[in-house]
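Residue numbers (the numbering used here): 2 to 337.
Data block below; observations after.
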Ligand SMILES: Cc1cc2nc3c(=O)[nH]c(=O)nc-3n(C[C@H](O)[C@H](O)[C@H](O)COP(=O)(O)OP(=O)(O)OC[C@H]3O[C@@H](n4cnc5c(N)ncnc54)[C@H](O)[C@@H]3O)c2cc1C
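Listed below in structure tokens is the structure:
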């Protein structure tokens, strides 16, 4: 059976070098929830070169159907050919909702696609729901510097489009079987949309674990006092098999790299353990870490807002508490 005008929920699948980015699975999971309420299908849209075999993986993670545009032109992400391909898919299948990860690629692609199909786009959503009365997508995101949450509706244009940052939605863990419907779309004019030449791709290789993958995060803020203070946090992180993260204040001060930043303008993390050291707990920071399983806060100010969401709190000076933590953990580890 062919995929007809679907009126369903579409998810743009980001893949790099044949590896599907985690956010795509998170969005398929969320897409399933929305599609269930709307009684429609969730469709993964997979663009790239030599990537057709990834369709089974997408079905396995909950895509009812997969649309594949497999073309040599799409080997490496380029704005124009990807925008053209995604626009053509939307024009052909007329989905109700299209979701993108708010990654560098998603943030480049989604606004262009929304402009070409003459609809709106709500960026960096933290919540997506269906309005039971109208059936419209309620797209919630922080506004005015993160101090309020705004819920945005695209009532008059279709599709309703949103980007969602990686880590905000939970990845589905169940498997669904790999027998979803797959449709190949051929776009003969794709090469006409190539307007840049990629001369070289230089990949940044980091020795440190990505904070979004870490199970344990030892996170430092302004209260750490300087780059030197982060060495102690690294020692604690190493003892617990984790890595370091930070607030924006510590990044702005140049004590740690930007890729360590947690929060509204940093990354969203869901570790098993998050230790917030010398972090006050500003709403923009909480937005990136409040879904951690266990939060421990160390702060010398007993009225710091971070204590309101912490499972365990230590009121004290990080310079004294962290070395005690490290010593205690090492002693416990030596006993084993
Ligand atoms: C649009 C926008 C986006 C933003 N995005 C982000 C974001 O993504 N991530 C983010 O983190 N912030 C973000 N911010 C900034 C945010 O509002 C706060 O300014 C920032 O989180 C504060 O960082 P902090 O907690 O490290 O510093 P502070 O708020 O200055 O807190 C430092 C804390 O350390 C404690 N302290 C000091 N010395 C010690 C010590 N020796 N021992 C123990 N505790 C000590 C203090 O009591 C205090 O609570 C954003 C702001 C805006 C407007």
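A virtual CB, placed ideally from N, CA and C, is assigned to each residue, including glycine.
Here the structure is a predicted model, which means the values were calculated and not measured.
At a threshold of 8 Å, does residue i count as lining ligand 1 (C-beta to nearest heavy atom)?
i, result
"residue 284", "yes"
"residue 168", "no"
"residue 320", "yes"
"residue 301", "yes"
"residue 228", "no"
"residue 266", "yes"
"residue 307", "yes"
"residue 280", "yes"
"residue 248", "yes"
"residue 276", "no"
"residue 263", "yes"
"residue 232", "no"
"residue 223", "yes"
"residue 288", "yes"
"residue 147", "yes"
"residue 215", "no"
"residue 156", "no"
"residue 255", "no"
"residue 124", "no"
"residue 293", "no"
"residue 311", "no"
"residue 151", "no"
"residue 251", "yes"
"residue 317", "yes"
Determine which residues share a DSSP beta bridge with residue i and list them.
i, result
"residue 268", "263"
"residue 287", "None; residue 287 has no bridge partner."
"residue 14", "47"
"residue 101", "164"
"residue 66", "44 and 182"
"residue 128", "141"
"residue 278", "221 and 299"
"residue 71", "49"
"residue 246", "220"
"residue 149", "144"
"residue 123", "163"
"residue 20", "17"
"residue 315", "299"
"residue 154", "139"
Of the choices the options, whose alpha-carbon is the least far from that of residue i?
i, options, result
"residue 208", "244, 131 and 267", "244"
"residue 44", "56, 50, 10 and 90", "10"
"residue 93", "311, 317 and 188", "188"
"residue 237", "63, 323, 192 and 273", "323"
"residue 229", "251, 217, 213 and 215", "251"
"residue 195", "231, 103, 270 and 84", "84"
"residue 131", "149, 86, 39 and 333", "39"
"residue 199", "176, 55 and 82", "82"
"residue 294", "274, 332, 301 and 22", "274"
"residue 269", "256, 255, 292 and 259", "292"
"residue 14", "47, 170 and 321", "47"
"residue 226", "326, 319, 57 and 172", "319"
"residue 259", "303, 299, 240 and 212", "212"
"residue 242", "110, 233, 232 and 215", "215"
"residue 147", "284, 316 and 328", "284"
"residue 193", "120, 327 and 73", "73"
"residue 59", "50, 23, 90 and 41", "23"
"residue 333", "201, 240, 106 and 310", "240"
"residue 296", "304, 272 and 305", "272"
"residue 36", "133, 246, 190 and 336", "133"
"residue 176", "138, 18, 63 and 299", "63"
"residue 51", "16, 303, 41 and 25", "16"
"residue 116", "158, 210 and 152", "158"
"residue 102", "300, 155, 321 and 168", "168"
Closer than 9 Å, CB to CB, is residue i near chain C or not?
i, result
"residue 80", "The structure shown has no chain C; it contains just one protein chain."
Under 8 Å: does the beta carbon of residue i sit that close to some heavy atom of ligand 2?
i, result
"residue 115", "Ligand 2 is not among the ligands present in this structure, which contains only ligand 1."
inquiry  = Three or more C-beta pairs under 8 Å: does that hold for the segment 130-144 against the segment 73-81?
reply    = no
key: Cβ contact check for the segment 278-286 and the segment 211-222: 3 or more pairs under 8 Å   = yes
ask   = Is there contact between the segment 160-170 and the segment 124-133, where contact requires at least three CB pairs shorter than 8 Å?
value = yes
task = Could you tell me whether the segment 58-75 touches the segment 180-188, where touching means 3 or more Cβ pairs closer than 8 Å?
result = Yes, the segment 58-75 touches the segment 180-188.
inquiry  = Would you call the segment 91-103 in contact with the segment 23-32, where contact means no fewer than 3 C-beta pairs closer than 8 Å?
reply    = yes
request  = Flag this pair as touching only if the segment 248-266 and the segment 285-299 have three or more C-beta atom pairs under 8 Å; answer yes or no.
outcome  = yes
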